[in-house]
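Taking it in order: structure first as structure tokens, then the write-up.
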């Protein structure tokens, strides 16, 4: 069950990890957050690389395990995350280049 | 996740003289943001290797400076990361070479300012000071998310005899004592070689699947790569291979769908551009040009997607004057370094990929 922490909009508890599974956090995400806002916050919380070696930004996308799909940046967390069960989200880098 | 110490770097020229600013004054210590995650993950894995404990029971601390024995604080000789479980604790020491990447960033800034020449060899001194964790006061979006750190899901380890693997394996590269033994099935190399051939001069990628084992006799932990799946949804170029979110999506779901409990234990990619850009050495007798290096871009991929300390990367190198050659890279003390591995014969796994 999601733990409400924001009196006005409520929040949903999710497990978020990086793609390697080495970094995992449990987060209470405000339900009015967009997926883009959640990704931006969680990349910071997980301290994931935000630039490649040349200084180019690294983009991340959120994969929602329960639905087996990547979430759109514009989707609202309150519309897609489950309240009765903790969802698992994996942040996948979208443009990393091997040389 | 927040450090208890601020680390600073002071750069010197190769002859030991200080770097001078525009005003002719020595440039003082520069605070640096250091990525300690790879060090933490390495420390966590060393605890797992040392004792038969799972990740869930382990707590990993922040970096603690180890002061230079002659000069004391704030001069840093190394740093340590502590790992504690219910019954044990240990500290893993890391050398100052860990700060090399941060020093490179600082030196790049100095080159841009004209304080250093491009390509100039530098030396650096590491100092450190304790700092208070940043205040949680704030009204930004990030402050509305409350986060609790969780231990990573523990790897499933199966008991297998290390001697059973060593008995039939042949070394490739130079496996070093103390390194995590890594075994790769010959069939995996054969499949990656075929995919490399099919890609022509373009780079091709794959994900390595396998299991961690602990030897019941010696207690040693080792990695066995049993299969590979081609990297899909990539952008292949002559000297670049771009991984997208769909690439990782397909790899994770592909591994899960196999139902064999395999981990994504690493990745592989090919360097075949020498096929098109034959070098002058190719014309020489007995030439054997290789492109089996790991670029800074490759390190970035490894850091971004393969942070687990046991994760490895294979590079398949093709050139007109040599056969396909292999090189493996992996984590050591939180830094990516070339390492050796062992090749196991194809009969070590059955047709479904299960280990015998």
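Residue numbers (the working numbering), protein chains in the order written: chain A, 47 to 145; chain B, 39 to 394.
Just so you know, even glycine gets a beta-carbon here, dropped at the ideal spot from N, CA and C.
Option in the options with minimal Cα separation from residue i
i                      : options                    : result
residue 167 of chain B : B/103, B/54, B/136, B/157  : B/103
residue 94 of chain A  : A/76, A/117, A/83, A/64    : A/64
residue 294 of chain B : A/83, A/130, A/114, A/81   : A/114
residue 101 of chain B : B/78, B/269, B/291         : B/78
residue 299 of chain B : B/195, B/369, B/373        : B/195
residue 85 of chain B  : B/128, B/76, B/71, B/45    : B/128
residue 188 of chain B : B/272, B/228, B/96         : B/96
residue 51 of chain B  : B/82, B/234, B/375, B/157  : B/157
residue 149 of chain B : B/368, B/214, B/60, B/106  : B/60
residue 91 of chain A  : A/97, A/138, A/71          : A/71
residue 138 of chain A : B/214, B/45, B/343         : B/343
residue 222 of chain B : B/262, B/53, B/72, B/354   : B/262
residue 412 of chain B : B/268, B/209, B/216        : Look at the range of chain B in this structure, 39 to 394, and you will see that residue 412 of chain B is not part of it.
residue 111 of chain B : B/371, B/384, B/73, B/165  : B/165
residue 333 of chain B : B/308, B/204, B/349, B/160 : B/308
residue 44 of chain B  : B/53, B/72, B/310, B/56    : B/72
residue 57 of chain A  : A/125, A/103, A/102        : A/125
residue 213 of chain B : B/358, B/109, B/367, B/54  : B/367
residue 54 of chain B  : B/154, B/216, B/160        : B/160
residue 81 of chain A  : A/144, A/145, A/116        : A/116
residue 133 of chain B : B/154, B/152, B/126, B/105 : B/105
residue 126 of chain B : B/282, B/203, B/256, B/88  : B/88
residue 197 of chain B : B/255, B/330, B/296        : B/255
residue 215 of chain B : B/107, B/379, B/331        : B/379
Proximity below 8 Å, CB of residue i to CB of residue j
i                      : j                      : result
residue 140 of chain A : residue 100 of chain A : no
residue 356 of chain B : residue 211 of chain B : no
residue 347 of chain B : residue 336 of chain B : no
residue 246 of chain B : residue 259 of chain B : no
residue 48 of chain B  : residue 136 of chain B : no
residue 131 of chain B : residue 118 of chain B : yes
residue 200 of chain B : residue 253 of chain B : yes
residue 86 of chain A  : residue 75 of chain B  : no
residue 306 of chain B : residue 248 of chain B : no
residue 138 of chain B : residue 369 of chain B : no
residue 185 of chain B : residue 42 of chain B  : no
residue 61 of chain A  : residue 132 of chain A : yes
residue 121 of chain B : residue 98 of chain B  : yes
residue 236 of chain B : residue 278 of chain B : no
residue 230 of chain B : residue 365 of chain B : no
Counterpart residues of residue i in DSSP-defined beta bridges
i                      : result
residue 243 of chain B : B/307
residue 97 of chain A  : A/103
residue 143 of chain B : Paired residues: none, contrary to the question.
residue 262 of chain B : B/221, B/249
residue 373 of chain B : B/370
residue 143 of chain A : B/280
residue 109 of chain A : A/116, A/136
residue 184 of chain B : A/74
residue 230 of chain B : Partner(s): none; residue 230 of chain B has no beta bridge.
residue 69 of chain B  : B/46
Interface residues of chain A facing residue i [CB-CB closer than 8 Å]
i                      : result
residue 151 of chain B : Those within 8 Å of residue 151 of chain B in chain A number zero; the least Cβ separation is about 16 Å.
residue 249 of chain B : Result: empty, since nearest Cβ-Cβ is about 15 Å, beyond 8 Å.
residue 278 of chain B : 143, 144, 145
residue 120 of chain B : Result: empty, since nearest Cβ-Cβ is about 18 Å, beyond 8 Å.
residue 282 of chain B : 140, 141
residue 349 of chain B : 66
residue 79 of chain B  : 68
Cβ separation of residue i and residue j, assumed to be a contact under 8 Å, to the nearest whole Å
i                      : j                      : result
residue 266 of chain B : residue 226 of chain B : 5 Å
residue 478 of chain B : residue 142 of chain A : Because chain B spans 39 through 394 in this model, residue 478 of chain B falls outside it and cannot be assessed.
residue 74 of chain A  : residue 59 of chain A  : 5 Å
residue 207 of chain B : residue 382 of chain B : 5 Å
residue 270 of chain B : residue 288 of chain B : 5 Å
residue 239 of chain B : residue 311 of chain B : 6 Å
residue 140 of chain B : residue 70 of chain B  : 4 Å
residue 135 of chain A : residue 118 of chain A : With a Cβ gap of about 13 Å, residue 135 of chain A and residue 118 of chain A do not count as contacting.
residue 66 of chain A  : residue 345 of chain B : 4 Å
residue 67 of chain B  : residue 58 of chain B  : That pair is no contact at about 15 Å.
Chain-ordered neighbours of residue i on chain B, where CB pairs are closer than 8 Å
i                      : result
residue 121 of chain A : Here the premise fails: no neighbours, minimum Cβ distance about 15 Å.
residue 104 of chain A : 342
residue 99 of chain A  : 334, 335, 337, 338
residue 61 of chain A  : 188
Contacts that residue i makes with chain B (C-beta to C-beta distance below 9 Å)
i                     : result
residue 73 of chain A : 183, 184, 185, 186
Within chain A, the residues that residue i reaches when beta carbons sit closer than 7 Å
i                      : result
residue 287 of chain B : 109, 116, 138
residue 362 of chain B : Simply none; closest approach about 18 Å.
residue 307 of chain B : 144
Residues that residue i contacts on chain A, provided the C-beta gap is smaller than 9 Å
i                      : result
residue 270 of chain B : Correct list: empty, because the minimum Cβ distance to chain A is about 13 Å.
residue 29 of chain B  : Residue 29 of chain B lies beyond the range of chain B shown here (39 to 394); nothing can be said about it.
residue 243 of chain B : 144
Interface partners of residue i on chain D, CB under 8 Å
i                      : result
residue 125 of chain A : In summary, chain D is missing from the structure at hand, where the protein chains are A and B.
Interface partners of residue i on chain B, CB under 7 Å
i                     : result
residue 65 of chain A : 286, 343
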